[in-house]
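Read the structure below first, then the notes.
2 protein chains.
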Amino acid sequence: MTGHDKNRRNPTNGPVTLADIARLADVSPVTVSRAINTPNLVKPQTLEAIARVIARTGYVPNLLAGGLASRRTRLIAAIVPSVASTIFAETIEGLNAELVSAGYQLLLGLSGYDLQRELELTRAILARRPDGIILTGISHLKETRAMLTGAGLPIVEIWDSTPSPLDTAVGFSHLAVGVLVAEHLLAKGYDRYAQIGANDPRAVQRRDGFVNRLAGIAEVELPALDMNSPSTFSDGRAAMAQLLDRGHGTLGVFCSSDVVAHGALAEAHFQGCRIPEDLAIIGFGDFDFAPHTHPPLTTVRIDRRDIGTKAAQSILKKIAGSEDVGAMINVDFHIVARGTA
Amino acid sequence: MTGHDKNRRNPTNGPVTLADIARLADVSPVTVSRAINTPNLVKPQTLEAIARVIARTGYVPNLLAGGLASRRTRLIAAIVPSVASTIFAETIEGLNAELVSAGYQLLLGLSGYDLQRELELTRAILARRPDGIILTGISHLKETRAMLTGAGLPIVEIWDSTPSPLDTAVGFSHLAVGVLVAEHLLAKGYDRYAQIGANDPRAVQRRDGFVNRLAGIAEVELPALDMNSPSTFSDGRAAMAQLLDRGHGTLGVFCSSDVVAHGALAEAHFQGCRIPEDLAIIGFGDFDFAPHTHPPLTTVRIDRRDIGTKAAQSILKKIAGSEDVGAMINVDFHIVARGTA
DNA sequence: AGTTACAATGAAAGCGCTTCCATTACTTTC
DNA sequence: GAAAGTAATGGAAGCGCTTTCATTGTAACT
């Protein structure tokens, strides 16, 4: 166990290398490499001897060296806007679970809903030569696109739908969500319609779908608040106050997330509205608390975790060389009708 | 722009290398390396020429090669139980923000509150030779400890307090939280005391502090539910139903998280309890919704994001070679007295 | 004018792996 | 019993960088 310094530049606390293992096990480095990566090519007896030495020395292979040599890093990068929002957190959990079980690791980037930051992250990530990359949304800077396509690795865009993804997309049409919600409210019939929401690209799509479906039927009111994404309980509450202040008549409201809807609901409650007779609220996301508000929140349900799972599966297939992954993988959504609409 | 195949084993779509840049800019590879890493050592004019070539070719440095050669990866790994819980999500956001601004990247591992998984993750992470590692909590398998200390890199343990961390810890005493909550409830005086909670090590510590403080004063009731960590709204609701079912007299309850508290509150409301006269509830975490429940939730506030920020700062200092980071960095907590206690 | 410093650059070696191409020792097969 | 596998192993080269140690030219001092 003596640390015989060779001509090492940096004689740190013995970083055991594959060569060390080879020497101790009295085999060549190649054999050790095979013992680790393709054990079926090595005689069981040799394998065991090597395993013993590895255990004894506490050898941890250097994946930087391995990746450099093999051009495969077993790293998958994902860029999401934020992890503090339930929305993406669960997608990441799904993604991670699937990747880990396939022996991959997740490199996470948080873009903060900022395309410029997404570009910088992409560059930083590509420098680590991941085997694949997952992006949130389908709108990217053209530099990002160029860099990505130039890198020639599998790409999966998530949480949105498009006929022409960079490579493959896993998600759904936010426009269609907006339309569906409009129709749900329309079926009940209200005097006024409104949308409260954040301004991230996907929330905007949902709003557009909502507004378009109601075009010619009603002017959708859009309370003006400087909401950033993601928007909060307080945003929802303030927006609802504004709406109730501004007029009368029954009101159907589509919120960009359950959190916002929760805030809106609280304000409505506070002002004594009858729900859903006078005021209907539909959220988005079906968060944990949605069944437990008063009344329970009607919302749009998406399997957030499933997006992660499917994205991981798609990218793993692509890495394995499969050509038939398809351009667009759709994920279901539907309205969960509870008490608020 | 022709792809002149050299004797490349893998003639993929032109991965531009530093050597390519050097050739095109008519300088040696070392100079390009310096232009990227230590630009102040390069003549402005040369710098510019190199920058032009880099921009034109879309060169992205290979950090695997760089890391292998320099033994610095600019990677920091963090292992947290989950990212789906608000608790850790915000810590990660803080961590990430701080790391990114220092030019580091975050490699995330999710342990799912499982120490065995933590061990495997640690091994997988160490294989990527991060410059530092952040772990959640202070209880680890002894193999994990051995591997970690053997790796000889800066370590920061977060979300807990200990006099003897592996290296440095950033957090607070969960035991003290439990004591504080007990005293808060004690001051108001209730007939019965209970705790509803998850079974992760930190929640258990909080419970122990709570129970210990009340020892000799009251027997703390612990509704038996098979709650995993993290526990949910429904868990809280069910536990509260059990408590209310089981006896009478005024009741002071400490919940292991605001989510659980929210569920408990909902049930209490449903059963028509007067809050906080007959029934007091204290949560943990001061989540977004806490000020907006009915009545607003009294809870324990911790700056979750700050834990991430401080952890990042500590590890960066250590990487920079600072010795005076200290073993324990404490983060404040306090009770936010709202309507439920 | 001669020494000394510093700024700017390069040559060579090597980080720790994996890949390709042998090589050796056995089994099969006809 | 020779030809043709197949299983198990090793040698050498190289992945794309950074590091150390020179080397050059030019500015700064006596």
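For the protein sequence lines, the chains are A and B, in the order given.
Each residue of the first sequence is one higher than the one before, counting from 644 in our numbering.
Each residue of the second sequence is one higher than the one before, counting from 644 in our numbering.
Glycine is no exception: its CB is placed at the ideal position from the N, C-alpha and C atoms.
Name the chain A residues whose beta carbon is nearer than 9 angstroms to that of residue i?
i: B/Met790; result: Gly701, Val703
Which residue marks the beginning of the beta strand (DSSP E) containing residue i, and which one marks its end?
i: A/Val979; result: 976 to 979
i: B/Leu933; result: Sequence inspection shows Ala at residue 933 of chain B; the Leu mentioned does not correspond to that position. It is not in any beta strand (DSSP E) - B/Ala933 carries neither H nor E in the DSSP assignment.
i: A/Gly623; result: Residue 623 of chain A cannot be examined here, being either before or after the span of chain A that is shown, 644 to 984.
i: A/Asn973; result: 971 to 973
i: B/Asn721; result: Before going on, a small fix: residue 721 of chain B reads as Ala here, not Asn. Per DSSP, B/Ala721 belongs to the beta strand (DSSP E) from 718 to 723.
i: B/Arg948; result: Counting along the chain, B/Arg948 falls outside any beta strand (DSSP E), though it belongs to the alpha helix (DSSP H) covering 947 to 962.
i: A/Leu922; result: 922 to 925
i: B/Gly709; result: Premise fails: B/Gly709 lies in the alpha helix (DSSP H), 706 to 713, not in any beta strand (DSSP E).
i: A/Gly752; result: 748 to 753
i: A/Ala837; result: 835 to 839
i: B/Val854; result: Note, B/Val854: premise wrong, no beta strand (DSSP E); alpha helix (DSSP H) at 844 to 857.
i: A/Glu800; result: 798 to 801
Within the continuous alpha helix (DSSP H) that includes residue i, where are the two ends?
i: B/Leu818; result: 817 to 831
i: A/Glu691; result: 687 to 700
i: A/Ala668; result: 661 to 668
i: B/Leu684; result: Note, B/Leu684: premise wrong, no alpha helix (DSSP H); not H, not E.
i: B/Gly737; result: 729 to 744
At 9 angstroms on the CB atoms, spell out the chain B contacts of residue i, in chain order.
i: A/His935; result: Phe876, Ser877, Arg880, His905, Gly906, Ala909
i: A/Val725; result: First, the residue type needs correcting, since residue 725 of chain A is Ser and not Val in the sequence shown. Ala732, Glu736, listed in chain order.
i: A/Phe927; result: Near A/Phe927 there are no residues of chain B at all, since even the closest Cβ is about 16 angstroms away, more than 9 angstroms.
i: A/Asn739; result: Val726, Leu751, Gly752, Leu753
Can you grab the Cα-Cα spacing for the pair residue i / residue j, in whole Å?
i: B/Leu985; j: B/Phe853; result: Because chain B here runs from 644 to 984, residue 985 of chain B falls outside it and cannot be looked at.
i: A/Phe913; j: A/Asp834; result: 21 angstroms
i: A/Leu990; j: B/Asp663; result: What is shown of chain A runs 644 to 984, which leaves residue 990 of chain A out entirely.
i: B/Gln838; j: A/Ser874; result: 33 angstroms
i: B/Ala841; j: A/Leu750; result: 29 angstroms
i: A/Ser782; j: A/Glu800; result: 10 angstroms
i: B/Asn973; j: B/Ile776; result: 19 angstroms
i: B/Arg652; j: B/Ile697; result: At B/Arg652 the pLDDT is 37, less than 50, meaning the model places this residue with poor confidence; the figure from the coordinates comes in the next sentence. If you take the alpha carbons of B/Arg652 and B/Ile697, they lie about 24 angstroms apart.
i: A/Ile730; j: B/Val743; result: 23 angstroms
i: B/Leu791; j: B/Leu711; result: 20 angstroms
i: B/Pro934; j: A/Ile860; result: 38 angstroms
i: B/Arg845; j: B/Gly737; result: 20 angstroms
i: B/Ala745; j: B/Val968; result: 17 angstroms
i: B/His647; j: A/Ser957; result: Confidence in B/His647 is poor, its pLDDT being 33 and thus under 50, which makes the residue's placement unreliable; the coordinate value appears in the next sentence. Rounded to the nearest angstrom, the two C-alpha atoms are 33 angstroms apart.
i: B/Ala980; j: B/Met971; result: 28 angstroms
i: A/Val847; j: A/Tyr747; result: 34 angstroms
i: B/Leu868; j: B/Glu862; result: 18 angstroms
i: B/Ala708; j: A/Ala708; result: 7 angstroms
i: A/Asp851; j: A/Glu826; result: 14 angstroms
i: B/Glu733; j: B/Gly892; result: 38 angstroms
i: A/Thr700; j: A/Ser713; result: 25 angstroms
i: B/Glu966; j: B/Ser804; result: 20 angstroms
i: B/Leu762; j: B/Arg788; result: 9 angstroms
i: B/Ala678; j: B/Ser754; result: 40 angstroms
i: A/Asp929; j: B/Asn683; result: 53 angstroms
i: A/Val820; j: A/Gln885; result: 25 angstroms
i: B/Ser676; j: A/Pro866; result: 53 angstroms
i: B/Leu758; j: B/Ile768; result: 15 angstroms
i: A/Arg766; j: B/Gly982; result: 49 angstroms
Against residue i, what residues of chain A qualify as contacts under a CB-to-CB distance less than 7 angstroms, listed in chain order?
i: B/Ala708; result: Leu711
What residues from chain B crowd round residue i, counting only those whose CB sits closer than 7 angstroms?
i: A/Leu751; result: Leu749, Leu751
i: A/Pro793; result: The question names Pro, yet the displayed sequence has Gly at residue 793 of chain A. Going along chain B in sequence order, the residues near A/Gly793 (Cβ under 7 angstroms) are Gly701.
i: A/Phe897; result: Near A/Phe897 there are no residues of chain B at all, since even the closest Cβ is about 20 angstroms away, more than 7 angstroms.
Listing by chain order, which chain B residues have their CB less than 8 angstroms from the CB of residue i?
i: A/Ala767; result: Gln748
Using a C-beta to C-beta distance shorter than 8 angstroms, which residues of chain A count as neighbours of residue i?
i: B/Arg772; result: Asn705, Leu706, Leu707
Output the residue ranges of the alpha helix (DSSP H) runs that lie fully inside the stretch 859 to 920 of chain B and measure 4 residues or longer, sorted by chain position. Restricting attention to alpha helix (DSSP H) runs no shorter than 4 residues, the stretch 859 to 920 of chain B encloses them at 876 to 889, 901 to 913, ordered along the chain.
Are the stretch 873 to 885 of chain B and the stretch 895 to 915 of chain B in contact at 8 angstroms, needing three or more beta carbon pairs? yes
Please give me, in chain order, every unbroken run of the beta strand (DSSP E) with length at least 3 that falls completely inside the stretch 767 to 796 of chain B. 775 to 779
Is it true that the stretch 952 to 966 of chain A meets the stretch 794 to 803 of chain A, where meeting means three or more beta-carbon pairs spaced less than 8 angstroms apart? Flag = yes, the stretch 952 to 966 of chain A and the stretch 794 to 803 of chain A touch.
Could you tell me whether the stretch 946 to 959 of chain B touches the stretch 800 to 814 of chain B, using the rule of 3 or more Cβ pairs below 8 angstroms? Touching, yes, given that three or more Cβ pairs across the two stretches are closer than 8 angstroms.
Are at least three pairs of beta-carbons, each pair with one atom in the stretch 703 to 719 of chain A and one in the stretch 761 to 774 of chain A, less than 8 angstroms apart? yes
Mind the definition here: the stretch 938 to 945 of chain B touches the stretch 975 to 982 of chain B only if three or more C-beta pairs lie below 8 angstroms; say whether that holds. yes
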